[in-house]
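Participant: The structure's right below; bear with me while I get my questions together.
Numbering (full-length UniProt numbering), first residue to last: 1 to 381.
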């Protein structure tokens with residue numbers, strides 16, 4: 001069987017995560033890597049064991065590259081995805097798909113016109129327990145949904161000296177906490193419940209009005225420490241923390257809170273869905289467990305085990321019960337579905353994986369949340 005050749009663009013935190021996941025899929029060859037300059041590209045390619053290093057424009061000219069993974073800062077997603085599609089490459093893009101709705105709409109239309117496989121890396125859908133919650137809801141075990149409460153908490157920007165390109169609107173967009181991690185939570189909420197968010201009311205806060213920007217690069221999550229003379233003070237205009245009230249198309253309500261300044265919370269997405277028959281609660285830091293709340297019988301604690309899961313959820317499990325799977329496995333499971341479509345050579349009519357259209361949907365919701373915060377009013381989606 002012919003190997004599918006892939007180029008990965010960007011080698012910050014998430015690029016190597018894509019590479020590791022791709023190497024766990026048969027018939028996929030990570031053949032090339034792209035960075036902002038050749039020196040860095042060659043250095044990273046050597047570290048990651050990738051044969052070819054290119055600048056982006058040169059990589060697009062390589063006829064043997066079938067798929068491009070866009071893992072660069074947000075402001076590059078639109079232009080690089082567009083260029084890859086125009087070069088006839090299938091595209092997997094990190095979220096957000098773009099920083100403007102009009103750009104995302106253009107990418108959705110272009111991908112459809114070209115008939116190319118397109119996906120946005122909403123990988124948190126691919127925890128087996130998330131898929132299990134979805135199928136349990138579909139089978140009626142949750143009942144009518146009364147309310148939804150969610151949070152996504154991190155602490156990697158807790159200190160005034162914590163800094164990253166995501167703090168700069170020209171690189172990341174007008175929202176940070178909501179666009180960066182809130183988008184995952186909102187996508188997962190609609191995916192699991194089958195409901196659509198119809199209205200939002202948001203309130204943002206910026207805990208650190210100024211931050212100390214390092215004068216030398218520091219990669220995300222590395223924990224490197226610099227000296228006071230290595231920083232300069234800069235003004236911050238994006239949110240560290242946000243709370244959003246939600247209205248859904250079934251007439252009921254919910255709320256989400258996201259924060260990147262909660263000490264001790266490393267990467268904690270938590271969702272609780274209250275229904276007329278049961279209550280589901282799941283946390284990404286305990287991804288192999290699901291709490292099922294009951295009123296008239298004992299509560300249940302479901303552990304990840306393919307023999308106990310629905311067939312749809314069991315497909316996302318690679319190991320028997322008692323063998324934990326986590327964040328790196330979510331990308332592998334998503335890419336398995338994406339690359340099945342790549343092997344067929346075209347985007348399915350109703351893809352099982354999150355496509356560019358899903359990326360557009362989440363961008364619209366995030367834009368309306370920003371608008372709501374500015375107006376301090378309810379805004380329709």
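The beta carbon of each residue, even a glycine, is placed where N, CA and C say it ideally should be.
Quick caveat: nothing in here was measured; it's all calculated off a predicted structure.
DSSP on residue 306, reduced to helix/strand/coil?
Facilitator: DSSP places residue 306 in helix when its eight states are reduced to three.
Participant: On the three-pair Cβ rule with 8 Å, is the segment 147 to 157 touching the segment 266 to 274?
Facilitator: Judged by Cβ distances under 8 Å, the segment 147 to 157 makes contact with the segment 266 to 274, as three or more pairs qualify.
Participant: Per DSSP, what kind of secondary structure is residue 263 in: helix, strand or coil?
Facilitator: Note: residue 263 maps to coil in three-state DSSP.
Participant: Look at residue 352 and residue 337 and say whether their C-beta atoms are less than 8 Å apart.
Facilitator: Yes; because the gap between Cβ atoms is below 8 Å, this pair is in contact.
Participant: Do you know how far the Cα of residue 39 is from the Cα of residue 256?
Facilitator: For residue 256 and residue 39, the distance between alpha carbons rounds to 43 Å.
Participant: Measuring CB atoms only, is the segment 68 to 88 touching the segment 138 to 151, in the sense that at least three cross pairs come out at less than 8 Å?
Facilitator: The segment 68 to 88 vs the segment 138 to 151: no contact.
Participant: Would you list the one or two residues that DSSP bridges to residue 274?
Facilitator: Bridge partners of residue 274: 147, 279.
Participant: Count the other CB atoms within 10 Å of the CB of residue 299; is the residue buried (16 or more) or exposed (fewer)?
Facilitator: With fewer than 16 other Cβ atoms within 10 Å, it is exposed.
Participant: Could you pull out every unbroken beta strand (DSSP E) segment of at least 3 residues lying fully inside the segment 111 to 182, listed in chain order?
Facilitator: For the segment 111 to 182, whole beta strand (DSSP E) runs of length 3 or above, ordered along the chain, are 118 to 120, 145 to 153.
Participant: What number of angstroms, rounded off, separates the C-alpha of residue 379 from the C-alpha of residue 74?
Facilitator: Cα to Cα, the separation comes out at about 25 Å.
Participant: What are the boundary residues of the alpha helix (DSSP H) that residue 82 is part of?
Facilitator: Segment 77 to 86, the alpha helix (DSSP H) holding residue 82.
Participant: Taking the alpha carbon of residue 249 as the point to measure from, which residue in 6, 354, 277, 189 has its own alpha carbon closest?
Facilitator: Checked all of 6, 354, 277, 189; the closest Cα to residue 249 is 189.
Participant: Could you say which of 251, 262, 231, 374 lies nearest to residue 240 if we only look at CA atoms?
Facilitator: Of the candidates 251, 262, 231, 374, the one whose C-alpha sits nearest the C-alpha of residue 240 is 262.
Participant: Leaving aside the five residues before and after residue 321 along the sequence, list all residues of the same chain whose C-beta is less than 8 Å from its C-beta, in chain order.
Facilitator: Closer than 8 Å at the Cβ level, and outside the excluded window around residue 321, lie 303, 304, 305, 306, 307, 308.
Participant: Is DSSP giving residue 332 helix, strand or coil here?
Facilitator: Three-state DSSP puts residue 332 in a helix.
Participant: Rounded to whole angstroms, what is the Cα-Cα separation between residue 105 and residue 356?
Facilitator: Taking the straight line joining both Cα atoms gives about 9 Å.
Participant: Under the rule that 16 or more other beta-carbon atoms within 10 Å means buried, what is residue 234, buried or exposed?
Facilitator: Exposed.
Participant: Mapping the DSSP letters down to three states, classify residue 386 as helix, strand or coil.
Facilitator: As shown, the chain starts at 1 and ends at 381. That puts residue 386 outside it, with no answer to give.
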